[in-house]
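In this note's numbering, the protein residues as written are 30 to 515.
The C-beta atom is built at its ideal place from N, Cα and C for all residues, glycine as well.
The next block holds one structure in the form of C-alpha cells; read it before the comments.
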Amino acid sequence: MICPTRKLNLPKKARKLLINTTISIRNWRANRSVNTVRLSLLAGMIALVSVLVACEEPKDIGLPPTTAIGVLYTDTLSVKTSTVLLDSVVTDRNSRLMVGQYNDPIFGKVTAKTFGQLYISGGSFKTEGEIVYDSVRVLVGYSYVYGDTSKTQDIYVHRLTEDMDSTKRYTNTSSVAYAATPLTKIKLTPTAAGGAGYGRLPDALGRELLELSKGSGIVQADFIKVFKGIAVVPDPANTTVFGFSNNMFVELYYHKATDSTALGIDFFTTAGKPSFSQIKVDRSATKLAALGLTNSLPSSATGGEVFVQSATGVTTKLSFPTILNLKKESGRIAINRAELNLFVKGSSPGGPIPPLMTLAQTDDNNRILYSPETGTATRLLHLLQVQAGTFQSTNKWYYPQVVAYNSRPKTYTFDVTTYLQSVLIGVQANNSLVLLPTTNTSLISTNQTTGATTFLAQPYINNQLNGAILNGPMNAKLVVFYTYTP
Numbered sequence: 030m031i032c033p034t035r036k037l038n039l040p041k042k043a044r045k046l047l048i049n050t051t052i053s054i055r056n057w058r059a060n061r062s063v064n065t066v067r068l069s070l071l072a073g074m075i076a077l078v079s080v081l082v083a084c085e086e087p088k089d090i091g092l093p094p095t096t097a098i099g100v101l102y103t104d105t106l107s108v109k110t111s112t113v114l115l116d117s118v119v120t121d122r123n124s125r126l127m128v129g130q131y132n133d134p135i136f137g138k139v140t141a142k143t144f145g146q147l148y149i150s151g152g153s154f155k156t157e158g159e160i161v162y163d164s165v166r167v168l169v170g171y172s173y174v175y176g177d178t179s180k181t182q183d184i185y186v187h188r189l190t191e192d193m194d195s196t197k198r199y200t201n202t203s204s205v206a207y208a209a210t211p212l213t214k215i216k217l218t219p220t221a222a223g224g225a226g227y228g229r230l231p232d233a234l235g236r237e238l239l240e241l242s243k244g245s246g247i248v249q250a251d252f253i254k255v256f257k258g259i260a261v262v263p264d265p266a267n268t269t270v271f272g273f274s275n276n277m278f279v280e281l282y283y284h285k286a287t288d289s290t291a292l293g294i295d296f297f298t299t300a301g302k303p304s305f306s307q308i309k310v311d312r313s314a315t316k317l318a319a320l321g322l323t324n325s326l327p328s329s330a331t332g333g334e335v336f337v338q339s340a341t342g343v344t345t346k347l348s349f350p351t352i353l354n355l356k357k358e359s360g361r362i363a364i365n366r367a368e369l370n371l372f373v374k375g376s377s378p379g380g381p382i383p384p385l386m387t388l389a390q391t392d393d394n395n396r397i398l399y400s401p402e403t404g405t406a407t408r409l410l411h412l413l414q415v416q417a418g419t420f421q422s423t424n425k426w427y428y429p430q431v432v433a434y435n436s437r438p439k440t441y442t443f444d445v446t447t448y449l450q451s452v453l454i455g456v457q458a459n460n461s462l463v464l465l466p467t468t469n470t471s472l473i474s475t476n477q478t479t480g481a482t483t484f485l486a487q488p489y490i491n492n493q494l495n496g497a498i499l500n501g502p503m504n505a506k507l508v509v510f511y512t513y514t515p
C-alpha cells in the first residue's frame, strides 16, 4: 500500500498502543510462548491504526478542512441595570402574612397590615343539645422578623366590615374596610427563632359564634356573610415587621350543659381562602425617593447601586441590549455556556440578604409576564427556566430556576445559557428580567403517584422585606462562551 507523503501525528490512543507494543517486543524472548498470540494481535491492531491515521484524508473522519470552527469567549456584552417599582405586586393567598412597622434608612418607612377571611375547621359548625360558652381567643405565630428586635410590639385585631372577594387578586396596595375599635391587643416579643402570642376576644363575639352552631348549624358560605374576616394592624409606635404563618386562629371553647368536658372549634386564615398583606412605604428620605411606577432609576442615578425589596415591589431590572449583536456575525452562533453574575454589596439594617432568588420576565410597564394555566386559575409566571425547561412547549414555565446567595464571592449566579440562545433564535423575545426573592428552593410540586406538576410560585414570593443592594459601579456581569460556524 502506497500512501502520500505526510507528517504522521498519531492520536494519543495510537501512541499508547505503539508504546505498549514496544514493551511487549522487548519482553518477547522471556515470554515467547505467552506473547506469540499477543504479538500477532498487536500487529493487526497497528496495521489498522496505520490505515486509519496515515492514509485517510481529514474530511473522511471529521469536518472538512475548510470549515473554521471557533469556540469564543466574551465578557463585554453589556447588562443594563436599573431600580424599578413593579406594578401589581400580588400578596394574595401567600404562605406568609406580614404585620408591623419599621423605618429602614435604605428602603424607607414600611407599614404592613394583614387581612383575611376565616375558614371553619371542617367546613361547617353544628352542636347538639344544650351547650355553654366558655371563652374565645385569637392565636398568631410568626417565624420571620424584619427590623428592630429589641422591643416588645403591640398588634391589634379588628373585625372586617367589608366582604372579601374570592375571585379577586389582592396586591400590596389593596385594602378592606374594618371596624375602628379593635377586638383585642396582642403583645409580641420579636426573636429570630420565632414565637407566638394570643389575645382574649370579647365574650359577646364568642357567644355570637356559638349561637351560629345551633339548630341546623352553619356552613362556610353562610359563615363569611356573618363574620367577614379579620384585619391585623400594628401599633403606630412599632419598630418590627412580623411574618405570620397563614394560619391565624380564632379558637372558640364551650362545653355541654350535662358534661364539663371542654370542647372547641377553630376558625382560621388559610392560603386557600382570600388573605393578603398590605404594604405601604414612605421613601421620601432615601435614595429611592424619586422611584415610582412610571419613573425607574438607572444605576447611574444611585451611585451605580441598584436595589431589591420584594414585598414593596422594589427590584432590579436587567436587560441585554447587545446580545443580538452576536447575530451580526455571518454564520451560525450556538451559545455553549452563559452565566449572569450579580454582585451584592450588602443588605439594609432591617434584615439579612435574601437567601434565595429567581428571575422573572417583565413587559415595558414593569408587570411580570404570565400565562394562564389550562383548566385552572393559576398564573404561570414567566420565570427564568433551568436548561431542561427553556424550549418546552407543553409544560413550559414548569422549570423555574432558583439560586442561592453565595456569601463567599457575594453573588447570585444564574445560568442563562438556553434563555439567551432562545432569544438569539427568536423563540423568546428579548424581554427584560427582574430579580424576585423567594422563600422556597422549589416553586413547583410533583405528585408522586400521577407525576402531575403544580405551579407553586405565588405562596413563596412577595412575602419578605429583606433587601439587597447590588454593587456599584459593577453590579452585573454576563460571561458567554459560544461557538461560531461560518
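Inter-residue spacing [alpha-carbon to alpha-carbon] between Ile247 and Gly152
When only Cα atoms are considered, Ile247 and Gly152 end up about 9 Å apart.
Thr440 - DSSP class collapsed to helix/strand/coil
Correct three-state label for Thr440: strand.
Tyr227 and Phe144 closer than 9 Å at C-beta
Going by C-beta atoms, Tyr227 is not nearer than 9 Å to Phe144.
Kindly indicate which three-state DSSP category Gln138 falls into: helix, strand or coil?
Residue 138 is actually Lys in this sequence, not Gln. DSSP places Lys138 within a strand segment (E or B) once states are collapsed to three.
Between the Cα of Ile149 and those of Thr298, Val119 and Thr178, spot the shortest distance and give me the residue it belongs to.
Ile149 has its Cα closest to that of Thr298, out of Thr298, Val119 and Thr178.
Bridge partner(s) assigned by DSSP for Tyr173:
Answer is Gly272, bridged to Tyr173.
Inside the region 216–288 only - alpha helix (DSSP H) runs reaching at least 4 residues
Listed in chain order, they are 232–240 and 249–255.
When burial is assigned at 16 or more other CB atoms within 10 Å of the CB, is Ala340 buried or exposed?
When all chains shown are included, Ala340 counts as buried.
Supposed close pair Ala434, Pro383 - CB separation, criterion 8 Å
According to the sequence displayed, residue 434 carries Tyr and not Ala. That pair is a contact at about 7 Å.
What does a CB cutoff of less than 7 Å around Pro502 pick up in its chain, not counting 5 residues either side in sequence?
The residues are Gly333.
Excluding the 5 residues flanking Asn276 on each side, which residues of the same chain have their C-beta closer than 7 Å to its C-beta?
Only Phe297, Thr298 and Thr299 meet the Cβ criterion.
What does the Cβ neighbour count give for Val456, buried or exposed, with the cut at 16 atoms within 10 Å?
Taking a 10 Å sphere around the C-beta of Val456, we find fewer than 16 other C-beta atoms and assign the residue as exposed.
Considering only residues of the same chain and omitting the five flanking positions on each side of Val262, which have a CB-CB separation below 6 Å?
Setting aside the 5 residues that flank it on each side, Val262 is surrounded in the same chain by Lys142 and Tyr185, each with a C-beta closer than 6 Å to its C-beta; the list follows chain order.
Reduced DSSP category for Ile352 - H, G, I as helix; E, B as strand; rest coil:
It is helical.
Taking the Cβ atom as the reference point for each residue, do Leu539 and Pro429 lie within a distance shorter than 9 Å?
Coverage of the chain is limited to positions 30 through 515, which leaves residue 539 absent and any answer about it impossible.
Can you tell me the Cβ-Cβ gap for Leu189 and Ala260, rounded? I've got them flagged as a contact below 8 Å.
Between Ala260 and Leu189 the Cβ distance is about 6 Å, and since that is below 8 Å, they are a contact.
Please go through the region 149–198 and give each complete beta strand (DSSP E) segment of 3 or more residues, from N-terminal end onward.
DSSP runs (the beta strand (DSSP E)) wholly in the region 149–198: 160–176 and 182–188.
Between Thr331 and Lys316, which are expected to be in contact by the criterion C-beta below 8 Å, what is the C-beta distance as a whole number of angstroms?
Between Lys316 and Thr331 the Cβ distance is about 5 Å, and since that is below 8 Å, they are a contact.
In the DSSP assignment, find the alpha helix (DSSP H) that holds Ser111 and state where it starts and stops.
No alpha helix (DSSP H) holds Ser111; the beta strand (DSSP E) holding it covers Lys109 to Leu114.
Per DSSP, which one or two residues make a beta bridge with Tyr102?
Paired residues: Phe510.
Considering only the alpha carbon of each residue, which of Leu409, Phe349 and Ser274 lies closest to Thr110?
Checking every option, the nearest Cα to that of Thr110 belongs to Phe349.
Measuring CA to CA, which of Ser107, Leu106 and Leu114 is closest to Thr391?
The closest CA to that of Thr391, considering only Ser107, Leu106 and Leu114, is found on Leu114.
Does DSSP put Leu371 in a helix, in a strand, or in coil?
Strand, per DSSP.
Which residues bound the beta strand (DSSP E) around Gln307?
That run of the beta strand (DSSP E) goes Ser304 to Asp311.
Is it the case that the Cβ atoms of Gly380 and Tyr175 are separated by a distance below 9 Å?
Yes, the Cβ-Cβ distance between Gly380 and Tyr175 is below 9 Å.
Helix, strand or coil for Val23, going by three-state DSSP, please let me know.
Residue numbering for the chain in the displayed model covers 30 to 515; residue 23 lies beyond these limits and cannot be assessed.
Rounded straight-line distance, which links the Cα of Val119 to that of Thr514:
Counting only the Cα atoms, Val119 lies some 45 Å from Thr514.
For Gly321: DSSP bridge partner residues:
Beta-bridge partners of Gly321 (DSSP): Asn324.
Continuous beta strand (DSSP E) stretch holding Thr399: start and end:
It is worth fixing the name first, because residue 399 is Tyr in this sequence and not Thr. Segment Tyr399 to Pro401, the beta strand (DSSP E) holding Tyr399.
Return the CA-CA distance between Ser471 and Val431, expressed in angstroms with no decimal places.
Distance from the CA atom of Ser471 to the CA atom of Val431, rounded to whole angstroms, is 7 Å.
Given Asn123, which residues of its chain have a CB within under 6 Å of its CB, disregarding the five upstream and five downstream residues?
For Asn123, where only same-chain residues beyond five positions count, the Cβ hits under 6 Å are Pro488 and Asn492.
Between the C-alpha atoms of Thr351 and Ser107, what's the straight-line distance to the nearest angstrom?
Each residue's alpha carbon lies about 6 Å from the other.
If I measure Cβ to Cβ from Glu86 and keep anything under 8 Å in the same chain, skipping five residues before and after, which residues do I get?
Unreliable positioning characterises Glu86 in this predicted model, as indicated by a pLDDT of 42, which lies under 50. The coordinate reading is nonetheless provided below. Answer for Glu86: no residue qualifies.
Kindly indicate which three-state DSSP category Val452 falls into: helix, strand or coil?
Three-state DSSP puts Val452 in a helix.
Could you check what DSSP says for Tyr489 in three-state terms: helix, strand or coil?
Helix at Tyr489.
Taking the continuous beta strand (DSSP E) assigned at Thr391, which residues delimit it?
In the DSSP assignment, Thr391 falls within the unbroken beta strand (DSSP E) covering Leu385 to Thr391.
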